[in-house]
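In terms of numbering that gives the first Met the number 0, the sequence shown is residues 0 to 368. Quick reminder that beta carbons are idealized off the backbone N, C-alpha and C, glycines included.
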Amino acid sequence: MLGGFAASTGLTALCLTVAAAIDIPQNLNSHATQQDTVHFWSDGTPMARTGWVRRQAMPVPRPVAHPMSRDDILDGAASVATDGRNLAVHGGPDHRTQGFNEPNAATVQAGSAFLPFVYAAGLEHGVRKTRGGPATRITPQTLYNGVAVTTPEGPYWDRSGKKVTAHNDDGKSHGPISLGTALARSVHTPFMQLGMDTGLNEVRETALAAGLLPSSLGPQVPALSLGSSTPSAIRRASGYATFAAAGQHTEPYSVRRITHNGAEVRLTTPTARRAIGAEVAEQVSEALTDSLNAAHPGVSTATATGRSGTTADDTAAWFAGTAQSVATAVVVHRMDLAASLDPLPLNGTAGTPADSVPYAVWSGAMGLD
Numbered sequence: 000m001l002g003g004f005a006a007s008t009g010l011t012a013l014c015l016t017v018a019a020a021i022d023i024p025q026n027l028n029s030h031a032t033q034q035d036t037v038h039f040w041s042d043g044t045p046m047a048r049t050g051w052v053r054r055q056a057m058p059v060p061r062p063v064a065h066p067m068s069r070d071d072i073l074d075g076a077a078s079v080a081t082d083g084r085n086l087a088v089h090g091g092p093d094h095r096t097q098g099f100n101e102p103n104a105a106t107v108q109a110g111s112a113f114l115p116f117v118y119a120a121g122l123e124h125g126v127r128k129t130r131g132g133p134a135t136r137i138t139p140q141t142l143y144n145g146v147a148v149t150t151p152e153g154p155y156w157d158r159s160g161k162k163v164t165a166h167n168d169d170g171k172s173h174g175p176i177s178l179g180t181a182l183a184r185s186v187h188t189p190f191m192q193l194g195m196d197t198g199l200n201e202v203r204e205t206a207l208a209a210g211l212l213p214s215s216l217g218p219q220v221p222a223l224s225l226g227s228s229t230p231s232a233i234r235r236a237s238g239y240a241t242f243a244a245a246g247q248h249t250e251p252y253s254v255r256r257i258t259h260n261g262a263e264v265r266l267t268t269p270t271a272r273r274a275i276g277a278e279v280a281e282q283v284s285e286a287l288t289d290s291l292n293a294a295h296p297g298v299s300t301a302t303a304t305g306r307s308g309t310t311a312d313d314t315a316a317w318f319a320g321t322a323q324s325v326a327t328a329v330v331v332h333r334m335d336l337a338a339s340l341d342p343l344p345l346n347g348t349a350g351t352p353a354d355s356v357p358y359a360v361w362s363g364a365m366g367l368d
């Protein structure tokens, strides 16, 4: 998987960056045969030259252990460095089979992989239990339950007249649990209430500051905290990179240098800005390290972070995390593109939580398999 992931990265980004100059399908490696304008990847290596190129097919293999050969299975991945460099993307098969770039698509929900942003918002802004009252600081040790969602005035009712409640993937209530432990053990119920107590606007602003796009964020209702937003894999990786960068965010970019006939072309690259406090970023990263080690004890690392992402309707499976100043996000979902853009249930095609396709790809790309 890693070889195919790496092979497809260059040309996916190339299509995005210089499509007007040269049409190179995804999953093809290319090199120039004539001098012209040279574009460089963000790691400083030459990307391609405009003009006539030779192409060499480099197919992306499918994992043989999972039923991923169906036509309606879509998968995407992206790796973003903490300084914003877009290091790698896997966009799908090729432009004739799939006419869009999957890691840049905002089509499926983030699910529980969004929880770190809610956690960061609570740690950064504190919580309010009374309307207009002062904010109270919380820590990773703060206990939460939050099965039934409440406001300062009482239960939160949806438009159909039902009380809004949160549920865990295992269908169990874990009772009062510390927020750090809840994130590490994928106990979701506290975070819907945490989002309400923090303020959904603060949750939204924290996610935006970390790197998500406004167009991908869902309505400001309790479900926002459990991942109703639809960030792309690139933006998901960029957001997790912010935690690894001690709370500094740099917008992702793919090209660092351009020359024309040997002369440098001026190119401005993004610079870092403060998104969340360094202490908050460290606390989130600690919980994500615990999450990775709890779900995959064989990794047992104090430097890597990661967690899976599931959706309530089983329409997407994610894995996102960081290692060695690089964040990678992987998504698998189903969609019948000939019928609609509505996600379809995975029904096991992405594997199990303990042995998922997104984790297998992620761990391979990060050198942890």
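{"Query": "Expected contact under 8 Å - CB spacing of PRO251 and ILE233 to nearest Å", "Result": "6 Å"}
{"Query": "Where ALA293 sits in the DSSP three-state scheme", "Result": "helix"}
{"Query": "For ALA316 and VAL331, believed in contact at Cβ under 8 Å, the rounded distance", "Result": "5 Å"}
{"Query": "PRO154 - partner residues in DSSP beta bridges", "Result": "THR149"}
{"Query": "Euclidean distance between Cα positions of ALA277 and ALA337", "Result": "46 Å"}
{"Query": "Classification of PHE99 by the beta-carbon crowding that lies within 10 angstroms, buried from 16 upward", "Result": "exposed"}
{"Query": "Beta-carbon spacing of HIS124, GLY194 below 8 Å", "Result": "no"}
{"Query": "Backbone secondary structure at ILE275 - three-state DSSP", "Result": "coil"}
{"Query": "Distance between ARG84 and ASP157 (C-alpha atoms, nearest Å)", "Result": "42 Å"}
{"Query": "Segment limits, alpha helix (DSSP H) that includes MET195", "Result": "188-197"}
{"Query": "For THR205, the nearest candidate out of VAL186, SER177 and VAL117 (CA to CA)", "Result": "VAL117"}
{"Query": "Nearest-angstrom Cα separation, counted from PRO175 out to ALA18", "Result": "Unreliable positioning characterises ALA18 in this predicted model, as indicated by a pLDDT of 24, which lies under 50. A coordinate reading is not provided."}
{"Query": "Cβ neighbours of LEU211 in the same chain (closer than 6 Å, five flanking residues each side left out)", "Result": "PRO230, ARG234 and GLY238"}
{"Query": "C-beta atoms of ALA280 and LEU291 nearer than 8 Å", "Result": "no"}
{"Query": "Every unbroken beta strand (DSSP E) within the segment 68-107, with a cutoff of 3 residues, ordered by chain", "Result": "72-80 and 85-89"}
{"Query": "Best match in PRO139, ALA236, ALA147 and VAL220 for proximity to ALA80 [C-alpha to C-alpha]", "Result": "ALA236"}
{"Query": "Option nearest LEU225 by Cα separation, candidates ASN167, SER324 and GLY347", "Result": "ASN167"}
{"Query": "Whether LEU148 touches ALA165 by CB criterion (8 Å)", "Result": "First, the residue type needs correcting, since residue 148 is Val and not Leu in the sequence shown. Closer than 8 Å, so yes."}
{"Query": "Per-residue burial, GLY132 [other beta carbons within 10 Å of its own, 16 or more giving buried]", "Result": "exposed"}
{"Query": "Distance between beta carbons of SER355 and ALA364, contact taken as under 8 Å", "Result": "That belief does not hold up - the Cβ atoms of ALA364 and SER355 are roughly 14 Å apart, past 8 Å."}
{"Query": "Start-to-end residues for the alpha helix (DSSP H) that takes in ARG256", "Result": "Unbroken run through ARG256 is the beta strand (DSSP E), 254-259; no alpha helix (DSSP H)."}
{"Query": "Simplified DSSP state of GLU250, which is helix, strand or coil", "Result": "coil"}
{"Query": "Residue nearest to PRO139 in terms of C-alpha spacing, selected from SER172, PRO269, ALA183 and GLY145", "Result": "ALA183"}
{"Query": "Contacts around PHE390, its chain only, beta-carbon distance under 6 Å, and the 5 residues preceding and following it disregarded", "Result": "A query on residue 390 cannot be resolved here, the shown segment of the chain reaching from 0 to 368 and no further."}
{"Query": "Beta strand (DSSP E) segment containing ASP113, residue limits", "Result": "In the sequence as displayed, the identity of residue 113 is Phe instead of Asp. Run containing PHE113: none; DSSP gives neither H nor E here."}
{"Query": "Extent of the continuous alpha helix (DSSP H) to which GLY363 belongs", "Result": "356-364"}
{"Query": "VAL63, buried or exposed, once every other Cβ within 10 Å from all chains shown has been counted against 16", "Result": "At VAL63, the pLDDT of 39 sits below 50, so the modelled position is not reliable; the number obtained from the coordinates is stated separately. Classification of VAL63: exposed, given that the 10 Å Cβ count is below 16."}
{"Query": "Backbone CA spacing between ALA274 and LEU367 [nearest angstrom]", "Result": "28 Å"}
{"Query": "Inter-residue spacing [alpha-carbon to alpha-carbon] between GLN323 and GLY160", "Result": "48 Å"}
{"Query": "Per DSSP, cross-strand counterpart(s) of HIS124", "Result": "DSSP, once it has assigned bridges, lists no residue as partnering HIS124."}
{"Query": "CA-to-CA distance, SER307 to PRO352, given in whole angstroms", "Result": "8 Å"}
{"Query": "Selection from ALA271, LEU266 and GLY145 that minimises the alpha carbon distance to THR241", "Result": "ALA271"}
{"Query": "Bounding residues of the beta strand (DSSP E) (the contiguous stretch that carries SER307)", "Result": "304-309"}
{"Query": "Spatial distance of LEU86 from VAL329 (CA atoms)", "Result": "14 Å"}
{"Query": "Cut-off 6 Å between Cβ atoms - residues of its own chain near GLY179, not counting five sequence neighbours on either side", "Result": "PRO139 and ALA286"}
{"Query": "Through-space distance from THR327 to GLY153, alpha-carbon basis", "Result": "40 Å"}
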